[in-house]
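Chains as they are written, first to last, in this note's numbering: chain A, 1 to 111; chain B, 1001 to 1111. Below is one structure, written out as structure tokens; the observations come after it.
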Amino acid sequence: GNSVTQMEGPVTLSEEAFLTINCTYTATGYPSLFWYVQYPGEGLQLLLKATKADDKGSNKGFEATYRKETTFFHLEKGSVQVSDSAVYFCALNTNAGKSTFGDGTTLTVKP
Amino acid sequence: DTAVSQTPKYLVTQMGNDKSIKCEQNLGHDTMYWYKQDSKKFLKIMFSYNNKELIINETVPNRFSPKSPDKAHLNLHINSLELGDSAVYFCASSQGVLEAFFGQGTRLTVV
């Protein structure tokens, strides 16, 4: 079956530090890949996506690249802000109704 | 206009009671989901429906029964509530292999 493994948290960084959250997946075929963000007290919302090989998803300074030759979909940001503090989920989707999420990584950014 | 709305937002109830959570989406999506998020933020899929048909039914006690009267609605009924059912329950919808849209969550507290 499909699976998503992401870096365990919590992750604590200082403002303006570089962020990487690792995500590794296994799936049949070529899935669509996603990163979701959950701010405190809210539901999950899409941060970025890549639906085919060589796509680079980007939003709010975050990036992740779908590389055909690997099964990674690491999330990166060059300079984090306090407002980026949230829980980040890596996810994939292969067929309608079959989404798989990672366990989430809690990020805290300190001023 | 809210894309995925679920009610109620908060639910406090006693052990042994029966309760329902309602979910509606106005996005025209074919697939709807119920997820359970525990206190450690782990997100676990419970059910998914595609065009009103059950696609995923994870290992969930049969006290939990989803009902999809039409494509736009997926309700969750829980019988004989237990302390361990306390969690945040999220409804979501998606189309094909594209991203999921989440509701704001229902925080269920069983006392």
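No residue lacks a Cβ here, since even glycine has one placed at the ideal position from N, Cα and C.
Quick one: what's got a C-beta closer than 8 Å to residue i's C-beta in the same chain, skipping five residues either side?
i                  : result
Gly29 of chain A   : Thr94
Ser1086 of chain B : Leu1108, Thr1109, Val1110
Ala53 of chain A   : Tyr30, Tyr66, Arg67, Lys68
Lys1041 of chain B : none
Gln1014 of chain B : Leu1081, Val1110, Val1111
According to the Cβ coordinates, are residue i and residue j closer than 9 Å?
i                  : j                  : result
Thr71 of chain A   : Thr20 of chain A   : no
Ser1048 of chain B : Ile1056 of chain B : yes
Val4 of chain A    : Gly102 of chain A  : yes
Glu63 of chain A   : Glu42 of chain A   : no
Glu15 of chain A   : Val109 of chain A  : yes
Leu1076 of chain B : Pro1066 of chain B : yes
Lys1019 of chain B : Leu1081 of chain B : yes
Val1012 of chain B : Gly1103 of chain B : no
Glu1099 of chain B : Phe34 of chain A   : yes
Leu1054 of chain B : Phe1090 of chain B : no
Phe1064 of chain B : Leu46 of chain A   : no
Pro40 of chain A   : Val82 of chain A   : no
Gly1084 of chain B : Gln1037 of chain B : no
Gln1095 of chain B : Gly1028 of chain B : yes
In three-state DSSP terms, what is residue i?
i                  : result
Leu1083 of chain B : helix
Ser83 of chain A   : helix
Phe101 of chain A  : strand
Ser1005 of chain B : strand
Gln1104 of chain B : coil
Thr12 of chain A   : strand
Leu107 of chain A  : strand
Tyr1010 of chain B : strand
Gly1016 of chain B : coil
Val4 of chain A    : strand
Asn1026 of chain B : coil
Asn1057 of chain B : strand
Gly61 of chain A   : coil
Between residue i and the rest of its own chain, which residues show a CB-CB distance below 7 Å, the 5 nearest in sequence each way excluded?
i                  : result
Ser32 of chain A   : Lys49, Thr51, Leu92, Asn93
Ala17 of chain A   : Val80
Lys135 of chain A  : Nothing about residue 135 of chain A can be reported from this structure: the residues present for chain A run from 1 to 111 only.
Lys1071 of chain B : Asp1030, Asn1051, Lys1052
Ile1045 of chain B : Tyr1033, Tyr1035, Ile1056, Glu1058
Going along chain B, which residues have a C-beta under 9 Å from residue i?
i                 : result
Gln45 of chain A  : Phe1101, Phe1102
Asp103 of chain A : Lys1040, Lys1041, Phe1042, Leu1043
DSSP puts residue i in a beta bridge; with which residues?
i                  : result
Gln1095 of chain B : BP columns for Gln1095 of chain B are empty, so no partner.
Pro1066 of chain B : B:Leu1076
Ala50 of chain A   : A:Leu33
Val1111 of chain B : Val1111 of chain B pairs with nothing; no bridge assigned.
Glu42 of chain A   : Looking at the DSSP assignment, Glu42 of chain A forms no beta bridge with any residue, so it has no partner.
Ala17 of chain A   : According to DSSP, Ala17 of chain A bridges with nothing at all.
Ser1039 of chain B : DSSP output for Ser1039 of chain B lists no bridge partner at all.
Leu75 of chain A   : A:Ile21
Ala27 of chain A   : Paired residue(s): none; Ala27 of chain A is not in a bridge.
Closer than 7 Å by beta-carbon distance: list the chain B residues that pair up with residue i, in chain order.
i                 : result
Glu42 of chain A  : Gln1104
Thr106 of chain A : Lys1041
Which chain A residues are close to residue i, counting only those with a beta carbon under 8 Å from its beta carbon?
i                  : result
Phe1064 of chain B : Simply none; closest approach about 17 Å.
Val1097 of chain B : Pro31, Ser32, Thr51, Asn93, Thr94, Asn95, Ala96
If the cut is a Cβ gap below 9 Å, which residues of chain A does residue i touch?
i                  : result
Val1012 of chain B : None at all; the shortest Cβ gap to chain A is about 17 Å.
Residues of chain B with a CB under 8 Å from the CB of residue i: which are they?
i                : result
Thr87 of chain A : The sequence shown places Val at residue 87 of chain A, rather than the Thr named in the question. Going along chain B in sequence order, the residues near Val87 of chain A (Cβ under 8 Å) are Lys1041.
Asp54 of chain A : Those do not exist, as Asp54 of chain A stays about 17 Å from chain B at its closest Cβ, beyond 8 Å.
CB-CB under 6 Å to residue i, same chain, minus the five flanking residues each way: which ones, in chain order?
i                  : result
Met1032 of chain B : Tyr1049, Leu1074, Ser1093
Val87 of chain A   : Gln38, Gly104, Thr106
Taking 9 Å as the CB-CB cut-off, is residue i touching chain D?
i                  : result
Ser1086 of chain B : This model lacks chain D altogether, as its protein chains are A and B.
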